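Heads up: the structure comes next, in structure tokens.
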Amino acid sequence: MSEKHGGTDKRARDAWLRALQRTASIGTPPHRTLPVAIDEVAHKYPGRPALIGERDGLTYRELADCSRQYAGWAVRHMATNGRTVCLIMRNCPEFLAIWLGITRVGGLVALINHRLEGRALMHAISVAAPVHIIVDAALVAVLEAVLPLLIPAPAVWVCGADSPGHRRIDREIDAERETVIADLPRPQLTDRALYIYTSGTTGMPKAAIVSHFRILQWSQWFAGMMDAGPSDRMYNCLPMYHSVGGVVASCAMLVSGGSVVIRERFSASRFWDDVASSRATIFQYIGELCRYLVRNPPHPKETAHCLRLSCGNGLPADVWPEFRGRFGIAHNLEFYAATEANFSLFNCEDEAGSIGRIPPFLAHRFPVALVKFDVARGEPLRGPDGLCVRCGTDEVGEAISKLPDATSPAGVPFEGYTDSDASAKKILYNVFVAGDAWYRSGDLMRRDARGFFYFVDRIGDTFRWKGENVSTTEAAAAIGSCPGVVEVVVYGVSVPGGEGRAGMAAIVVTAAFDFASLQRHLAAVLPAYAQPLFVRVCSAIEATETFKQKKQDLVREGYDPSKTTDPLYFADREAGAYVPLDRALYDRIARCEIGF
């Protein structure tokens, strides 16, 4: 069947079949978790590089041994049987070795965003209820600022350097290399392994539950889609506290005998030199990274590399052709997924702008639908029969995915969050028949006649900026706690040349308010990506209007000075301050002459 008529071309079909084949045996035996799978690879390729860091690395044998040492630490310090350890570290090989070791013996690891500070950091730690915190030595001071507020107080372990008053975990595991773990009960695939944080679409950041099964499923599925093998090297500069950088990109290589080239952060200036010298064959992207690369002047090594595949999400349709053509990467794998979601979409066919699809031969197994969405009420539209209404071709609606039930095994279970109320809000009942249940993605999409999905927008109080999800609830609370701010509304606005939406805050202030204080306050309570790029000072935010309606009006007016008489301000990176936003500055932003 041709792709034109809804079929799947051979290369894409082969990718889907590989993924199905690699995931088919998960669960036999039930104790074969990811650390066990990596042990098997280490037995086969003991000296092959597994993790290649900027300063150090680990072969497969060393990774397996190191993870066992951390497993021994977990046993000695009662971090097993579902007890939680928070991990706050920057990208490095040790990051993976730590959580692989702790989860090996039934411990649960919460991957904390190392860029968080203050209230946001305290919230992330508190919802995990850890017995221990393992922290990068360079981040100890940030952690110590919130430690007195954590009740009960978890034990703190430092990695990488000495820190007064805290124990060195890396030194302890070096001193005690042997701990018998073979006789301990091994976790089952259905047990919890990780908490990975997502802003979601329903409020404050939530800890999504990730089981051993899903970790192994993600790893093997992506390995199949990428056709990963021992000769591959994945270039990974995405945050490892996220599911893509920390699990998908890394572990798809580890179950395949390939190598992971780990970088602490993305650097546009050194990217091609680094990719070429590392002999990477695959790299994991977010759309904004790709835009940075095409904006850069030509580099002598941008085609002198070994890359055969780029894999990621958010590659804009306008960047796609130049990205593919200029850099000489043979294939691109765009996908849509969310940490907590029970479905994913893959674009194996280089359909520019599409986030993917589910091929016709798998539609019965992974049912995904778009339902009409009532924007005013903020919920799916229901017909006269009380059931949801399917969208037509190219009609925008919320993406939902079926949960398996007693009448049909189709679909994938939803593992939820640590917050049961938040989990309940993600389930939609009585969708197409009485009693059925579907997972709500919180994302608006459209689907074309060939079945390709296209992302439209996020529903609710979350938007994406600089590759991070930003909760407007969290940002508004942080801004509202600044002296002189009486009322605040936060929303996302589109900016020329920017991926996602930038933060904008509409605030009502007292005479005592000043922007210098606001800037200092925001630096202390919000990560840089969550700080508003634009601020609008309003005389009032009318209480008679619903929050959603008012936000929609504000979004429509944006930061255009011709659409409001309210004073507007822009966070000027060069000036290091919020500066008045007039027509001249607005035009410069529109022409992409100003960085942000």
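Take 5 as the starting number for the sequence shown in the working numbering and just add one per residue.
Beta carbons: idealized from backbone N, C-alpha and C, even for Gly.
Here the structure is a predicted model, which is why all the values come from computation and not from measurement.
How big is the Cα-Cα spacing for residue i and residue j?
{"i": "Ala211", "j": "Cys90", "result": "12 Å"}
{"i": "Asp586", "j": "Arg454", "result": "45 Å"}
{"i": "Thr205", "j": "Arg592", "result": "With a pLDDT of 37 at Thr205, under the threshold of 50, the predicted position of this residue should be treated as unreliable, though the coordinate-derived value follows. In a straight line, the C-alpha of Thr205 is about 32 Å away from that of Arg592."}
{"i": "Ala28", "j": "Pro363", "result": "18 Å"}
{"i": "Leu589", "j": "Val375", "result": "41 Å"}
{"i": "Glu176", "j": "Pro50", "result": "24 Å"}
{"i": "Ser348", "j": "Arg108", "result": "27 Å"}
{"i": "Phe436", "j": "Pro408", "result": "14 Å"}
{"i": "Phe275", "j": "Glu148", "result": "34 Å"}
{"i": "Gln553", "j": "Phe365", "result": "Confidence at Gln553 is low in this model, with a pLDDT of 36, below 50, so its placement is unreliable and no value can be given for it."}
{"i": "Gly446", "j": "Ile219", "result": "23 Å"}
{"i": "Gly390", "j": "Asp461", "result": "25 Å"}
{"i": "Ser130", "j": "Ile137", "result": "11 Å"}
{"i": "Ala256", "j": "Val248", "result": "10 Å"}
{"i": "Val139", "j": "Val400", "result": "43 Å"}
{"i": "Ala342", "j": "Arg444", "result": "11 Å"}
{"i": "Phe600", "j": "Gly105", "result": "39 Å"}
{"i": "Glu121", "j": "Glu268", "result": "19 Å"}
{"i": "Ala321", "j": "Glu561", "result": "25 Å"}
{"i": "Ile404", "j": "Phe339", "result": "16 Å"}
{"i": "Phe551", "j": "Gly496", "result": "Since pLDDT at Phe551 reaches only 32, below the 50 mark, its modelled position is unreliable, and the value read off the structure follows with that caveat. Going by the C-alpha atoms only, they are around 14 Å apart."}
{"i": "Gly504", "j": "Ala532", "result": "15 Å"}
{"i": "Arg328", "j": "Phe467", "result": "27 Å"}
{"i": "Pro191", "j": "Tyr573", "result": "53 Å"}
{"i": "Cys178", "j": "Leu100", "result": "Residue identity check: residue 178 is Asp in the sequence provided, not Cys. So the two alpha carbons sit approximately 17 Å from each other."}
{"i": "Ala141", "j": "Arg123", "result": "20 Å"}
{"i": "Gly207", "j": "Ser566", "result": "Its pLDDT being 49, under 50, Gly207 is placed unreliably by the model, and the measurement read from it follows with that caveat. Their backbone Cα atoms lie some 32 Å apart in a straight line."}
Should residue i be labelled buried (16 or more other beta-carbon atoms within 10 Å of its own) or exposed?
{"i": "Cys294", "result": "buried"}
{"i": "Met238", "result": "buried"}
{"i": "Lys14", "result": "exposed"}
{"i": "Pro209", "result": "buried"}
{"i": "Pro39", "result": "buried"}
{"i": "Ala16", "result": "buried"}
{"i": "Leu153", "result": "exposed"}
{"i": "Thr285", "result": "buried"}
{"i": "Val79", "result": "buried"}
{"i": "Lys555", "result": "buried"}
{"i": "Ser58", "result": "In the sequence as displayed, the identity of residue 58 is Glu instead of Ser. By the 10 Å Cβ count, Glu58 comes out exposed."}
{"i": "Ala547", "result": "Any reading at Ala547 needs caution, since the residue's pLDDT is 41, under 50, leaving its predicted position unreliable; the model's value is listed next. When all chains shown are included, Ala547 counts as exposed."}
{"i": "Ala128", "result": "buried"}
{"i": "Pro584", "result": "exposed"}
Among the options, whose alpha-carbon lies nearest the alpha-carbon of residue i?
{"i": "Arg601", "options": "Phe459, Ala438 and Ile102", "result": "Since the first residue shown for the chain is 5 and the last is 600, residue 601 is missing from the structure and cannot be characterised."}
{"i": "Asp378", "options": "Phe370, Gly387 and Ala197", "result": "Gly387"}
{"i": "Ala482", "options": "Gln535, Arg505 and Ile463", "result": "Gln535"}
{"i": "Pro97", "options": "Thr307, Ser273 and Cys241", "result": "Cys241"}
{"i": "Gly111", "options": "Gly86, Thr569, Lys429 and Met93", "result": "Gly86"}
{"i": "Asn336", "options": "Glu344, Ala345, Glu355 and Asn346", "result": "Glu355"}
{"i": "Ala232", "options": "Ser281, Leu258, Gly250 and Gln221", "result": "Leu258"}
{"i": "Asp236", "options": "Phe331, Phe287, Arg190 and Asp278", "result": "Phe287"}
{"i": "Ser498", "options": "Arg361, Lys48, Phe517 and Leu537", "result": "Leu537"}
{"i": "His35", "options": "Ser485, Gly382, Thr194 and Asp166", "result": "Thr194"}
{"i": "Trp20", "options": "Gly360, Thr476 and Ala544", "result": "Gly360"}
{"i": "Asp564", "options": "Gly580, Ala544, Val539 and Arg577", "result": "Val539"}
{"i": "Met93", "options": "Gly76, Tyr74 and Ile116", "result": "Ile116"}
{"i": "Gln221", "options": "Val513, Pro417, Ser271 and Val489", "result": "Pro417"}
Tell me where the alpha helix (DSSP H) around residue i begins and ends.
{"i": "Asp576", "result": "Run containing Asp576: none in the alpha helix (DSSP H); it sits in the beta strand (DSSP E), Leu572 to Asp576."}
{"i": "Ile129", "result": "Gly122 to Ala132"}
{"i": "Cys70", "result": "Tyr64 to Arg80"}
{"i": "Glu326", "result": "Trp324 to Phe331"}
{"i": "Tyr590", "result": "Arg587 to Ala594"}
{"i": "Ala581", "result": "Ala581 -> not in any alpha helix (DSSP H); beta strand (DSSP E) instead, spanning Ala581 to Pro584."}
{"i": "Phe519", "result": "Phe519 to Val529"}
Since residue i sits in a beta bridge, which residues does DSSP pair it with?
{"i": "Val490", "result": "Per DSSP, none; premise fails for Val490."}
{"i": "Tyr563", "result": "Answer is none; Tyr563 lacks a bridge partner."}
{"i": "Leu115", "result": "Leu91 and Ile200"}
{"i": "Gly316", "result": "Tyr289 and Glu338"}
{"i": "Glu383", "result": "Asp378"}
{"i": "His136", "result": "Val89 and Ala159"}
{"i": "Gln506", "result": "It is worth fixing the name first, because residue 506 is Ala in this sequence and not Gln. Partner(s): Val497."}
{"i": "Pro53", "result": "Thr63"}
For residue i, report the span of its beta strand (DSSP E) as first-last.
{"i": "Glu402", "result": "Gly401 to Lys406"}
{"i": "Asp277", "result": "Run containing Asp277: none in the beta strand (DSSP E); it sits in the alpha helix (DSSP H), Phe275 to Ser282."}
{"i": "Lys210", "result": "Lys210 to Ser215"}
{"i": "Gly446", "result": "Ala441 to Arg451"}
{"i": "Val541", "result": "Phe538 to Val541"}
{"i": "Val109", "result": "Unbroken run through Val109: none, as it is neither H nor E."}
Give a yes or no on whether the minimum CB-CB distance between residue i and chain B is below 9 Å.
{"i": "Gly357", "result": "Of the chains in the structure shown, none is chain B; there is only one protein chain."}
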